[in-house]
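K.L.:
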Amino acid sequence: MKRPSAELAELIEGAREGEKFPLAKLISGLERPDSFEFRKLLFETLSSLGLDGKNSLTVGLTGTPGAGKSSLLGELASEFLKSDSGETMAIVAVDPSSHISGGSLLGDRTRLSLPAREKRIYFRSQPSQLELGGVNPYTYHVIRLLRRFFRYVFIETVGIGQNEIEVSKLSDLSFLVLQPLGGDQVQFMKSGIMEVPDSFILNKCDETALANSSFHMLVTTLEFLKDVMPGKSVPPVFKTSTKTKQGIAELLDFIRKAKPAPDRSEETVLQLKKWIKNEYGNFGLRSIESISSDVSNEFETLEETALREIGKNLKS
Ligand SMILES: Nc1nc2c(ncn2[C@@H]2O[C@H](COP(=O)(O)OP(=O)(O)O)[C@@H](O)[C@H]2O)c(=O)[nH]1
Ligand SMILES: [Mg+2]
1213 MKRPSAELAE LIEGAREGEK FPLAKLISGL ERPDSFEFRK LLFETLSSLG
1263 LDGKNSLTVG LTGTPGAGKS SLLGELASEF LKSDSGETMA IVAVDPSSHI
1313 SGGSLLGDRT RLSLPAREKR IYFRSQPSQL ELGGVNPYTY HVIRLLRRFF
1363 RYVFIETVGI GQNEIEVSKL SDLSFLVLQP LGGDQVQFMK SGIMEVPDSF
1413 ILNKCDETAL ANSSFHMLVT TLEFLKDVMP GKSVPPVFKT STKTKQGIAE
1463 LLDFIRKAKP APDRSEETVL QLKKWIKNEY GNFGLRSIES ISSDVSNEFE
1513 TLEETALREI GKNLKS
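For what it's worth, our numbering labels the leading residue of the sequence shown as 1213, then goes sequentially.
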């Protein structure tokens, strides 16, 4: 293994201590095209330092714009800071219009107006270049990195359909955030998306009458789905309001009880395939059909193997 430069070692040390600037620098390094060498060295070094991210829980919040995802994350963050557990959380908003507004706690959308010394929370806005509202190829690496430093990594994404599936693939726990009487429920049923989230959040429950009828509609739908899909249990539905703070503490409790995936090798292979498809199209995908995580669990090692295969196929 190559040794990290003094500069890289310093950035890692800073990020480890919860400093925002070094972490932001590491992230920009990952977001640069052709970041391969940097990425490889970075993740190898982190692993060798025992920062393997295995204890980190990834939580996805998804749903239509305006459902209250950012507000919920703001409230979860405030609730989180109330306890002295010493645990840390990162929030990644994959949404150009994302606006986290946890009252005075989280201000402007790209910059948290947290006290500069507040090291327990990190917020990052992630542009969604290639796939509108979805997870772009760099986002995966950013999430991988954040897992190495934070106990919880929250991802906020917008969209209905394919995008939710993308996020739920990266998440250990995924929530679909709905608001009372959105046309959402019908829409989600149609696209088969009801299968995807582990849990639902019905937000804006301060709008009591609407919220109650939506809640019953949602629960009835979910119970119906359980009956037609044997083996499925009814997922939890949380009722929240960021105005009255209803349900926020319960939601955080639930999240705290969840366990990270014991093994991310399936995710690694899946993300590699996505990456290769993105860079080399179907030709690339065909070249790496046989690749599996048996080679290694580290993304970059698999990526090197994949590139070799593609190279061979290009020559032949
Ligand atoms: N009444 C009510 N409004 C809310 C609640 N949560 C968020 N909002 C409002 O809904 C709008 C969209 O919220 P936002 O968090 O930006 O939604 P996002 O697009 O899903 O991230 C904002 O005007 C919020 O103030 C809630 O619990 N109750
Ligand atoms: Mg938002």
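We put the CB at the ideal spot given by N, CA and C, even for glycine.
Treat the numbers as computed from the prediction; the structure is a model and nothing was measured.
Indicate whether residue 1222 and residue 1285 have their beta-carbon atoms separated by less than 8 Å.
P.N.:
For this step, residue 1222 is matched to residue 10 along the sequence shown. For this step, residue 1285 is matched to residue 73 along the sequence shown. Not in contact: residue 1222 and residue 1285 (Cβ atoms no closer than 8 Å).
K.L.:
Express the C-alpha separation of residue 1490 and residue 1343 in angstroms, rounding to a whole number.
P.N.:
Position 131 of the sequence shown, counted from the first residue, corresponds to residue 1343. Position 278 of the sequence shown, counted from the first residue, corresponds to residue 1490. Low confidence applies to residue 1343: its pLDDT is 48, below 50, so where it sits in the model is not reliable, and the reading given next is rough at best. Straight-line Cα distance between these residues: approximately 11 Å.
K.L.:
Give a single yes or no on whether residue 1462 has its beta carbon closer than 7 Å to a heavy atom of ligand 2.
P.N.:
As a position in the sequence shown, residue 1462 is number 250, starting the count at 1. False, no ligand heavy atom lies under 7 Å from that Cβ.
K.L.:
Cβ of residue 1416 within 7 Å of any heavy atom in ligand 2?
P.N.:
What you label residue 1416 is simply residue 204 of the sequence shown in a count that begins at 1. For ligand 2, not one heavy atom lies less than 7 Å from the Cβ of residue 1416.
K.L.:
Is it the case that the CB of residue 1480 approaches a heavy atom of ligand 1 more closely than 7 Å?
P.N.:
What you label residue 1480 is simply residue 268 of the sequence shown in a count that begins at 1. Checking the Cβ of residue 1480 against ligand 1 gives no.
K.L.:
Would you tell me roughly how many angstroms separate the C-alpha atoms of residue 1442 and residue 1244, rounded to the nearest one?
P.N.:
In the sequence shown, residue 1442 corresponds to position 230, counting from 1. In the sequence shown, residue 1244 corresponds to position 32, counting from 1. Taking the straight line from one Cα to the other gives about 46 Å.
K.L.:
Consult DSSP for residue 1429 and reduce its assignment to one of helix, strand or coil.
P.N.:
Residue mapping note: residue 1429 aligns to position 217 of the sequence shown, counting from 1. Note: residue 1429 maps to helix in three-state DSSP.
K.L.:
Alpha carbons only, please: which of 1498, 1414, 1509 is nearest the one belonging to residue 1463?
P.N.:
By 1-based counting over the sequence shown, the position of residue 1463 is 251. Nearest C-alpha to residue 1463: 1414.
K.L.:
Ligand 1 and residue 1409: does any heavy atom of the ligand fall closer than 7 Å to the residue's C-beta?
P.N.:
As a working mapping, residue 1409 is identified with position 197 in the sequence shown. Flag unset: Cβ of residue 1409 not near ligand 1.
K.L.:
Measure the C-alpha to C-alpha separation of residue 1495 and residue 1521 and round it to an integer number of angstroms.
P.N.:
Position 283 of the sequence shown, counted from the first residue, corresponds to residue 1495. Position 309 of the sequence shown, counted from the first residue, corresponds to residue 1521. Each residue's alpha carbon lies about 11 Å from the other.
K.L.:
For residue 1360 and residue 1270, which I take to be in contact (beta-carbon distance under 8 Å), what is that distance rounded to the nearest angstrom?
P.N.:
Stepping through the sequence shown from its first residue, residue 1360 is reached at position 148. Stepping through the sequence shown from its first residue, residue 1270 is reached at position 58. Contact doesn't hold; Cβ gap of about 12 Å is too wide.
K.L.:
Could you tell me if residue 1384 is buried or exposed, where buried requires 16 or more neighbouring beta carbons within 10 angstroms of its beta carbon?
P.N.:
Translated into positions along the sequence shown, residue 1384 becomes position 172. The residue is buried, with at least 16 neighbouring Cβ atoms inside 10 Å.
K.L.:
What does DSSP give as the partner residues of residue 1451 in its beta bridges?
P.N.:
The sequence position of residue 1451 within the sequence shown is 239, counting from 1. Residue 1451 is bridged to 1414.
K.L.:
Does the pairing of the region 1258 to 1266 with the region 1429 to 1439 give three or more beta-carbon distances under 8 Å?
P.N.:
no
K.L.:
Quick one, are the C-beta atoms of residue 1255 and residue 1512 less than 8 Å apart?
P.N.:
Start at 1 with the first residue of the sequence shown, and residue 1255 comes out as number 43. Start at 1 with the first residue of the sequence shown, and residue 1512 comes out as number 300. Yes. Within cutoff.
K.L.:
So if DSSP puts residue 1467 in a beta bridge, which residue, or which two residues, is it bridged to?
P.N.:
Locating residue 1467 in the sequence shown gives position 255, where the first residue counts as 1. For residue 1467, which the question treats as bridged, DSSP gives no partner whatsoever.
K.L.:
Compare the Cα-Cα distances from residue 1272 to each of 1386, 1410, 1492 and report the closest residue.
P.N.:
On the sequence shown, residue 1272 is found 60 positions in, with the first residue counted as 1. Restricting attention to 1386, 1410, 1492, the CA atom closest to the CA of residue 1272 is found in 1386.
K.L.:
Return yes when at least one heavy atom of ligand 1 lies under 7 Å from the C-beta of residue 1279, else no.
P.N.:
Within the sequence shown, numbered from 1, the residue matching residue 1279 stands at position 67. Flag set: Cβ of residue 1279 near ligand 1.
K.L.:
Apart from the five residues just before and just after residue 1257, which ones in its own chain have a Cβ nearer than 6 Å to its Cβ?
P.N.:
On the sequence shown, residue 1257 is found 45 positions in, with the first residue counted as 1. Cβ neighbours of residue 1257 beyond the five flanking positions: 1216.
K.L.:
Is it right to say residue 1287 is buried, meaning 16 or more other beta carbons lie within 10 angstroms of its own, or is it exposed?
P.N.:
Here residue 1287 refers to the residue found at position 75 when the sequence shown is read from its first residue. Buried: at least 16 other Cβ atoms inside 10 Å.
K.L.:
Could you tell me which of 1449, 1297, 1338, 1278 sits nearest to residue 1303, measuring between CA atoms?
P.N.:
What you label residue 1303 is simply residue 91 of the sequence shown in a count that begins at 1. Residue 1338 is the option with its Cα nearest to residue 1303.
K.L.:
Is residue 1451 near ligand 1, judged by its Cβ being under 7 Å from some heavy atom?
P.N.:
The count along the sequence shown starts at 1 and reaches residue 1451 at position 239. Not so, every heavy atom of ligand 1 lies at least 7 Å from the Cβ.
K.L.:
Just grab the DSSP bridge partners of residue 1366 for me.
P.N.:
As a working note, residue 1366 is residue 154 in the sequence shown. BP columns for residue 1366 point to 1271, 1303.
K.L.:
Let me confirm a value: residue 1504 is counted as buried when at least 16 other C-beta atoms fall within 10 Å, else exposed. Which label applies?
P.N.:
For the purposes of this step, residue 1504 is taken as residue 292 along the sequence shown, with counting starting at 1. Around the C-beta of residue 1504, fewer than 16 other C-beta atoms lie within 10 Å, and the residue is accordingly described as exposed.
K.L.:
So who's on the other strand from residue 1388, going by DSSP bridges?
P.N.:
The count along the sequence shown starts at 1 and reaches residue 1388 at position 176. Paired residues: 1274, 1412.
K.L.:
In chain order, what residues of the same chain lie with their CB nearer than 8 Å to the CB of residue 1472, ignoring the 5 residues before and after it?
P.N.:
For the purposes of this step, residue 1472 is taken as residue 260 along the sequence shown, with counting starting at 1. Closer than 8 Å at the Cβ level, and outside the excluded window around residue 1472, lie 1266, 1267, 1268, 1269, 1270, 1384.
K.L.:
Short of 6 Å in beta carbon distance, which residues of its chain neighbour residue 1236, apart from the five on each side in sequence? Order them along the chain.
P.N.:
Within the sequence shown, residue 1236 is the residue found at index 24, counting from 1. There are no such residues.
K.L.:
Can we count residue 1420 as close to ligand 3, meaning its CB is less than 7 Å from some heavy atom?
P.N.:
Ligand 3 is absent from the structure shown, which contains only ligand 1 and ligand 2.
K.L.:
Taking the continuous alpha helix (DSSP H) assigned at residue 1240, which residues delimit it?
P.N.:
Taking the first residue of the sequence shown as 1, we reach residue 1240 at position 28. First-last of the alpha helix (DSSP H) with residue 1240: 1232 to 1243.
K.L.:
Using a Cβ-Cβ cut-off of 6 Å (strictly less than) and excluding sequence neighbours within five positions of residue 1230, which residues of its own chain qualify?
P.N.:
Counted from its first residue, the sequence shown places residue 1230 at position 18. 1331, listed in sequence order.
K.L.:
With respect to 7 Å, is the separation between the Cβ of residue 1454 and the closest non-hydrogen atom of ligand 1 below this value?
P.N.:
The residue given as residue 1454 occupies position 242 in the sequence shown. A heavy atom of ligand 1 is found nearer than 7 Å to the CB of residue 1454.
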